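Okay, so here's the structure we're looking at.
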Amino acid sequence: MKVGENGNGVASRWYPETLVKRLRSLACLGSSVTFEEGDAFQLIRRYVNQTDVAFFIDPPYTAGNGKRAGRRLYKHNELDHQALFALLSGASGLVLMTYDDCPEVIEMAADHGFAVERVPMKSTHHEKKFELLISNFGWNA
Ligand SMILES: C[S@@+](CC[C@H](N)C(=O)[O-])C[C@H]1O[C@@H](n2cnc3c(N)ncnc32)[C@H](O)[C@@H]1O
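Following the numbering used here, the numbering of the sequence shown begins with 358 at its first residue and continues without gaps.
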């Protein structure tokens, strides 16, 4: 985050005011929120069989053959997306993921039995784009 995209640091895409708001909200939650630094796969494996655990996962956008913004933005951008879908398809609790809208991701989601919803979002350059909400519960139930 210090370097960001093209050396722009936190001003790259992260909206400093939004970050401040989020950090303040987190501070209000105090000790009920804990942060763990490490490999998410290990953390997911620890809780994957618990029905009272919900996963929200926002992986780096590096899955498709398109622009792969995650590669530019994040130091830790190498991720086995197939393995992530496979692991989460066995989750006992609720799973919600956000991903970039590309055919490779839609196919992976379908292969692993997830529901996919395309939702509009505003990009940094204020273009209208879509991203994907991927879940194991769907929206029409
Ligand atoms: C799209 S960003 C998440 C942004 C965050 N949701 C937010 O609103 O600020 C993806 C993050 O996943 C992290 N990441 C990549 N591989 C990981 C792994 N195996 N375990 C944990 N985090 C990982 C990257 O470092 C990056 O910060």
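Glycine included, every Cβ here is placed at the ideal spot set by N, Cα and C. This structure is a prediction, so every number in the text was calculated from the model and none was measured.
Quiz item: At what residue ranges does the stretch 379–404 contain a whole run of the alpha helix (DSSP H), taking only runs of 4 or more?
Solution: 397–404
Quiz item: Which whole runs of the beta strand (DSSP E) in the stretch 442–482 are 3 residues long or more, in chain order?
Solution: 452–457 and 472–479
Quiz item: Cα-Cα, which of Thr419, Ser389 and Ala448 is closest to Tyr431?
Solution: If you number the sequence shown from 1, residue 431 lands on position 74. Nearest C-alpha to Tyr431: Thr419.
Quiz item: Which word fits Leu386, buried or exposed, when buried means at least 16 other C-beta atoms lie within 10 angstroms of its C-beta?
Solution: The residue given as residue 386 occupies position 29 in the sequence shown. Exposed, because fewer than 16 other Cβ atoms sit within 10 Å of the Cβ of Leu386.
Practice problem: Consult DSSP for Glu488 and reduce its assignment to one of helix, strand or coil. | Solution: If you number the sequence shown from 1, residue 488 lands on position 131. If DSSP states are grouped into helix, strand and coil, Glu488 belongs with the strands.
Quiz item: How would you call Val462, buried or exposed, if buried means at least 16 neighbouring beta carbons within 10 angstroms?
Solution: For the purposes of this step, residue 462 is identified with residue 105 of the sequence shown, where counting begins at 1. Classification of Val462: buried, given that the 10 Å Cβ count is 16 or more.
Self-check item: Nearest to Leu445 (by Cα), restricted to the options Gly470, Arg475, Asp457 and Ser388
Solution: As a working note, residue 445 is residue 88 in the sequence shown. Measuring from the Cα of Leu445, the nearest candidate turns out to be Gly470.
Practice problem: Report back the beta-carbon spacing between Phe398 and Val452 to the nearest angstrom; my notes put them in contact at under 8 Å. | Solution: On the sequence shown, residue 398 is found 41 positions in, with the first residue counted as 1. On the sequence shown, residue 452 is found 95 positions in, with the first residue counted as 1. Rounded, the Cβ-Cβ distance is 14 Å, inconsistent with contact.
Quiz item: If Gly450 sits next to Gln407, beta carbons under 8 Å apart, how far is it from one beta carbon to the other, in whole angstroms?
Solution: The residue given as residue 450 occupies position 93 in the sequence shown. The residue given as residue 407 occupies position 50 in the sequence shown. Yes, Gly450 and Gln407 are in contact; Cβ-Cβ is about 6 Å, under 8 Å.
Quiz item: Taking all protein chains shown into account, do 16 or more other C-beta atoms lie within 10 angstroms of the C-beta of Ala319, making it buried, or fewer, making it exposed?
Solution: Given a span of 358 to 498 for the chain in the structure shown, any question on residue 319 remains unanswerable.
Quiz prompt | Which listed residue (Ala472, Asn434, His433 and Arg429) has its alpha carbon closest to that of Phe442 | solution = As a position in the sequence shown, residue 442 is number 85, starting the count at 1. Ranking the options by Cα distance to Phe442, first place goes to Ala472.
Quiz item: Per DSSP, which one or two residues make a beta bridge with Phe413?
Solution: Position 56 of the sequence shown, counted from the first residue, corresponds to residue 413. Paired residue(s): Leu453.
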